[in-house]
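Asker:
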Amino acid sequence: MLKVRNLSLAFGDLVLADQLSFTLEAGKTHVIIGPNGTGKSSLLKVLFGDIKPQSGEVLFDSEHLDYRNLNPWRQRFGYMPQDIRLDIGLTVLEVVLLGQLNALSLKLADSLIEKALKALDQIGLLHLAQRDVRTLSGGQCQMILFAQALMRNPKILMLDEPVSALDLHFQQVMLDHLDQQTHQQHWVSVMILHDLNLAAQYADNLLVLKGGKLLAEGAPAEVLSADLVEEVYGVKAELAYDQQGIPFVRTPRRRLMQQSVSLAS
Amino acid sequence: MSSSTLSETLHQQRQQESRRGLILIGLSAILLSSFVMDIATGPSLLGISDVVNVLLKLLGLPVEVSGTAEVIVTNLRLPIALMALIVGGVLGVGGAEMQTLLNNPMASPYTLGMAAAAGFGAALMLYVGSLGFNAEFAVPIGAFVCCMLSAGLLFGLAMMRHITSGQLILAGIALLFLFQSLLSLVQFVSSPELSQQILFWLFGSLTKATWLNVGITAGVTLVCMLLLMRDAWKLTALRLGEERAKSLGVNVAQLRLKTLILVAVMTATVTSFVGIIGFIGIVAPNIARMLVGEDQRYFLPLSFLVGAFLLSSASVLSKSLVPGALFPIGIVTAIIGVPFFFWMIIGKRAH
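So the sequences go chain by chain: H and G.
Once you know that position 35 of the first sequence is 25 in my numbering, the rest is easy, because the numbers rise by one and skip nothing.
Just remember that my numbering sits 589 ahead of the position in the second sequence, which is counted from 1.
1. Go ahead and pull the three-state DSSP assignment for residue 608 of chain G.
2. Looking at the strands, I want to know which residues DSSP matches up with residue -7 of chain H.
3. Assuming the contact rule is C-beta atoms closer than 8 Å, residue 222 of chain H and residue 200 of chain H should be a hit. Round their C-beta distance to whole Å, please.
4. Could one say the Cβ of residue 601 of chain G lies closer than 8 Å to chain H's Cβ atoms, at least one of them?
5. Pick out the complete alpha helix (DSSP H) segments inside the stretch 785 to 848 of chain G, 4 residues or longer, and give them in chain order.
6. So the beta strand (DSSP E) residue 240 of chain H belongs to, where does it begin and stop?
7. Which residues in chain G have a C-beta closer than 8 Å to the C-beta of residue 103 of chain H? List them in chain order.
8. So, at 7 Å on beta carbons, what are the nonlocal neighbours of residue 929 of chain G in its own chain, with the 5 sequence-adjacent residues on each side left out?
9. Could you name the residues of chain H that residue 886 of chain G contacts, counting a contact when the two beta carbons are closer than 8 Å?
10. Taking only beta carbons into account, state which residues of the stretch 77 to 92 of chain H come closer than 8 Å to chain G, listed in chain order.
11. Run down chain H in chain order and give the residues with a C-beta less than 9 Å from the C-beta of residue 839 of chain G.
12. Is residue 637 of chain G buried or exposed, if buried means 16 or more other CB atoms sit within 10 Å of its CB?
13. Helix, strand or coil for residue 195 of chain H, going by three-state DSSP, please let me know.
14. For residue 228 of chain H, report the span of its alpha helix (DSSP H) as first-last.
15. Quick one: list the residues of chain G neighbouring residue 64 of chain H, beta-carbon separation under 7 Å, in chain order.
16. Compute the Euclidean distance between the alpha carbons of residue 749 of chain G and residue 645 of chain G, then round it to the nearest angstrom.
17. Could you name the residues of chain G that residue 73 of chain H contacts, counting a contact when the two beta carbons are closer than 7 Å?
18. To the nearest angstrom, how far is the alpha carbon of residue 21 of chain H from that of residue 176 of chain H?
19. Applying the criterion that 16 or more other CB atoms from any shown protein chain within 10 Å of the CB defines a buried residue, is residue 731 of chain G buried or exposed?
20. Quick check: the Cα distance between residue 605 of chain G and residue 878 of chain G, rounded to an integer number of angstroms?
21. Relative to the C-alpha of residue 889 of chain G, which residue among G:909, G:814, G:902, G:657 is closest?
22. For residue 590 of chain G, which of helix, strand or coil comes out of DSSP?
23. So, is the C-beta of residue 40 of chain H closer than 8 Å to a C-beta in chain G?
24. Considering only residues of the same chain and omitting the five flanking positions on each side of residue 191 of chain H, which have a CB-CB separation below 7 Å?
25. For residue 826 of chain G, go through chain B and note every residue whose CB falls closer than 7 Å to its CB, in chain order.
26. What does the Cβ neighbour count give for residue -6 of chain H, buried or exposed, with the cut at 16 atoms within 10 Å?
27. Secondary structure at residue 868 of chain G, three-state DSSP: helix, strand or coil?
28. Flag this pair as yes or no: are the beta carbons of residue 791 of chain G and residue 708 of chain G separated by less than 8 Å?
29. Spell out whether any CB of chain H is found under 8 Å from the CB atom of residue 835 of chain G.
30. Measure the alpha-carbon distance for residue 940 of chain G versus residue 103 of chain H and round it to whole angstroms.
31. So is the beta-carbon of residue 634 of chain G under 7 Å away from any non-hydrogen atom of the ligand GTP?
32. When you compare only the Cα positions, how much space is there between residue 81 of chain H and residue 883 of chain G?
33. Please state whether DSSP places residue 207 of chain H in a helix, a strand or coil.
34. To the nearest whole angstrom, what separates the beta carbons of residue 783 of chain G and residue 705 of chain G, a pair I think is in contact under 8 Å?
35. Is residue 119 of chain H close to chain G, meaning its C-beta is less than 8 Å from at least one C-beta of that chain?
36. Which residue spans inside the stretch 49 to 105 of chain H form an unbroken beta strand (DSSP E) run of at least 3?
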């Protein structure tokens, strides 16, 4: 269980967290949504101990985050930052292997390599193992980095926009895998998403963040509403519900009036 | 997917590892031959077989050798040839690790001002007449101190939070200009004779090698190399980007500082004994990267071997360009370094 109490964070005038408190239970997928620039990625960095907030506490079970001794804290995290560029002369297998950095030695044991290969196999990318990562597409890089994060045997898995470059097939492969492992391994999984429909599908707990405040929290079906979408994004959306009561959000196309497209002149 | 594909891929990985091991062994063999060539060339030509025999005898094998050959090799040529290997290797590794730390293929101790600082330190010592100490040691010590001083400024920056590698490179280049100006200043106020002396120091020369300073550099290099190799995987992870390295559990600030110190100590040591030799620090790691990629278990030792080979063969060249004359090796390395550099850039574009 990852707990945040009275967290406040601001960069100058920009308030990213204002007395924020929430609890992320283990065995559940927590999805954070919110407008651009509202501090979602910064929040993950606070949880990871990379940004020190002005005030507030972060706890895992009953252990406090100690900034003087970050290594044991970070050891339990699998964290996939937003950036997916891989510009390095390594093979896919080598990049995935780095996920278990602390176990690596000059002579690699078969078991370590096999574990990395299995992680690749599980997401259907074993055939890429020997490829130079500089020849991969953005989506392939993203999947490889996901495999790397899985290799860390995390207790807490944090994914910052993990599907931003993925096609429909790999979105499903990644999120289904995440869903299954979170429940089986009892992970605290935290993920930032922009696609509200994916968020509604995969979130056990949806956190809506704006202006440093938690606007709403709970099951997607209870949290998501047309009013909320308008409050958070300033967008008029239509919501419909499928048979399981999971909402899906559609934003109708607007035709901008003539005078507002005169940028070119 | 079946387990046979899995074990097949494992097998492929093992094959690739042995391929890289073979590249290391192959380069060691090439290096050994240029080392022997380096010993054989000089004012009095020795046969390759003479050189090999003396070397075998030094290794304790019962071989018949002529007295003169033995004296020339052990007293004159061997320290210089060994120094070429060590210095070249250190410059290669220094460049490799700077490029790793700063995520930039153009970084090296030279481009970050460490060599210029050493030059300034040496020139200053020559200018003040070694402060009355023995010049043979006072000048290297002056060079070492200034080199570490400029590296210290970089350490200070590297330890600050939110300093990006791009800003570190800019700071290094600024230091390069600063120490070059200071060096010019010393030369400007010096007498023509002294200025000449400074210039010769700056050219870089292996002829200052003695068994004592070969021993010192070899010791320092060995220790630093072992410490770097221990962090091989962390350094590989660092090349994924600082944020990602952190996410994998690397203490980035600590690793960056530790590596900077090791590289600075090695570079300062070799530069203070042989003067300024450029380009190997940039070129050697780039060749190594093309050959084995960036798994530091192979990349690090190969950068050493390539650097050692480049300087060793430059040493042969500097002695044989004009028979009887010895070109300063610092000049030769830059002259072969530049065309190579262009070839590399153009070759990369064509890729």
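Idealized CB from N, CA, C, for every residue including glycine.
Answerer: In brief:
1. In the second sequence, the residue the question calls residue 608 of chain G occupies position 19. Helix, per DSSP.
2. To locate residue -7 of chain H, count along the first sequence from 1; it is residue 3. Partner(s): H:13, H:49.
3. The residue given as residue 222 of chain H occupies position 232 in the first sequence. The residue given as residue 200 of chain H occupies position 210 in the first sequence. Contact flag correct, Cβ pair sits at about 5 Å.
4. As a working note, residue 601 of chain G is residue 12 in the second sequence. Residue 601 of chain G counts as touching chain H.
5. Runs of the alpha helix (DSSP H) inside the stretch 785 to 848 of chain G: 800 to 819, 821 to 827, 831 to 836.
6. Taking the first sequence and counting its residues from 1, the one referred to as residue 240 of chain H is at position 250. For residue 240 of chain H, the enclosing beta strand (DSSP E) begins and ends at 237 to 240.
7. Working through the first sequence from its first residue, we reach residue 103 of chain H at position 113. In chain order: 599, 602.
8. Mapped onto the second sequence, residue 929 of chain G falls at position 340. In chain order, 872 place their CB closer than 7 Å to the CB of residue 929 of chain G, counting only its own chain and leaving out the 5 sequence neighbours on each side.
9. Taking the second sequence and counting its residues from 1, one reaches residue 886 of chain G at position 297. Correct list: 96.
10. Within the stretch 77 to 92 of chain H, those residues whose Cβ lies closer than 8 Å to any Cβ of chain G are, in chain order, 78, 79, 80, 81, 83, 84, 85, 88, 89, 91, 92.
11. For this step, residue 839 of chain G is matched to residue 250 along the second sequence. The answer, in chain order, is 91.
12. The count along the second sequence starts at 1 and reaches residue 637 of chain G at position 48. With a 10 Å radius around the Cβ and a threshold of 16 neighbouring Cβ atoms, residue 637 of chain G comes out exposed.
13. Against the first sequence, residue 195 of chain H aligns to sequence position 205. Looking at residue 195 of chain H - three-state DSSP - the assignment turns out to be strand.
14. Mapped onto the first sequence, residue 228 of chain H falls at position 238. Boundaries for residue 228 of chain H: no alpha helix (DSSP H) harbours it, while the beta strand (DSSP E) harbouring it runs 228 to 231, taken from the DSSP string.
15. Walking along the first sequence from the start, residue 64 of chain H turns up at place 74. Using a Cβ-Cβ cut-off of 7 Å, residue 64 of chain H is close to 838 of chain G, given in chain order.
16. In the second sequence, counting from the first residue as 1, residue 749 of chain G sits at position 160. In the second sequence, counting from the first residue as 1, residue 645 of chain G sits at position 56. If you draw a straight line from the Cα of residue 749 of chain G to the Cα of residue 645 of chain G, it is about 52 Å long.
17. As a first step, residue 73 of chain H is located in the first sequence; it is residue number 83 there, counting from the start. Neighbours of residue 73 of chain H on chain G, chain order: 830, 832.
18. Counting from one through the first sequence, the residue named residue 21 of chain H turns up at place 31. Counting from one through the first sequence, the residue named residue 176 of chain H turns up at place 186. Taking the CA atoms as reference points, residue 21 of chain H sits about 16 Å from residue 176 of chain H.
19. Here residue 731 of chain G refers to the residue found at position 142 when the second sequence is read from its first residue. Counting the other Cβ atoms within 10 Å of the Cβ of residue 731 of chain G gives 16 or more, which makes it buried.
20. In the second sequence, the residue the question calls residue 605 of chain G occupies position 16. In the second sequence, the residue the question calls residue 878 of chain G occupies position 289. Near 15 Å, if we compare the C-alpha coordinates of residue 878 of chain G and residue 605 of chain G.
21. For the purposes of this step, residue 889 of chain G is taken as residue 300 along the second sequence, with counting starting at 1. Measuring from the Cα of residue 889 of chain G, the nearest candidate turns out to be G:814.
22. By 1-based counting over the second sequence, the position of residue 590 of chain G is 1. Reliability fails at residue 590 of chain G, whose pLDDT of 48 lies under 50, so the model's placement of it is uncertain and the value that follows must be treated cautiously. Coil, per DSSP.
23. Indexing the first sequence from 1 puts residue 40 of chain H at position 50. Yes, contact with chain G.
24. For the purposes of this step, residue 191 of chain H is taken as the residue at position 201 of the first sequence. Counting only residues of its own chain and dropping the five nearest sequence neighbours on each side, residue 191 of chain H has a CB closer than 7 Å to the CB of 236.
25. Of the protein chains in the structure, H and G, none is chain B.
26. For the purposes of this step, residue -6 of chain H is identified with residue 4 of the first sequence, where counting begins at 1. By the neighbour-count criterion, in which 16 or more other beta carbons inside 10 Å mark a residue as buried, residue -6 of chain H falls on the buried side.
27. Taking the first residue of the second sequence as 1, we reach residue 868 of chain G at position 279. In the structure shown, residue 868 of chain G sits in coil (DSSP, three-state: anything other than H, G, I, E or B).
28. Translated into positions along the second sequence, residue 791 of chain G becomes position 202. Translated into positions along the second sequence, residue 708 of chain G becomes position 119. For residue 791 of chain G and residue 708 of chain G, yes; Cβs fall inside 8 Å.
29. On the second sequence, residue 835 of chain G is found 246 positions in, with the first residue counted as 1. With 8 Å as the cut-off, residue 835 of chain G counts as an interface residue toward chain H.
30. Residue 940 of chain G sits at position 351 when you count from the first residue of the second sequence. Residue 103 of chain H sits at position 113 when you count from the first residue of the first sequence. Reliability of the predicted coordinates at residue 940 of chain G is poor, the pLDDT of 48 falling under 50, and the value obtained from them is presented with this limitation in mind. Their Cα atoms are separated by approximately 30 Å.
31. The ligand GTP is not part of the structure shown, which contains no ligands of any sort.
32. The residue labelled residue 81 of chain H in the question sits at position 91 within the first sequence. The residue labelled residue 883 of chain G in the question sits at position 294 within the second sequence. C-alpha separation (whole angstroms): 9 Å.
33. Along the first sequence, read from residue 1 onward, the residue named residue 207 of chain H stands at position 217. Three-state result, residue 207 of chain H: strand.
34. To locate residue 783 of chain G, count along the second sequence from 1; it is residue 194. To locate residue 705 of chain G, count along the second sequence from 1; it is residue 116. About 19 Å separates the two Cβ atoms, so there is no contact after all.
35. Residue numbering aside, residue 119 of chain H sits at position 129 when the first sequence is read from its first letter. It does: the Cβ of residue 119 of chain H has a partner Cβ on chain G nearer than 8 Å.
36. With a minimum length of 3 residues, the unbroken runs of beta strand (DSSP E) contained wholly in the stretch 49 to 105 of chain H fall at 67 to 70.
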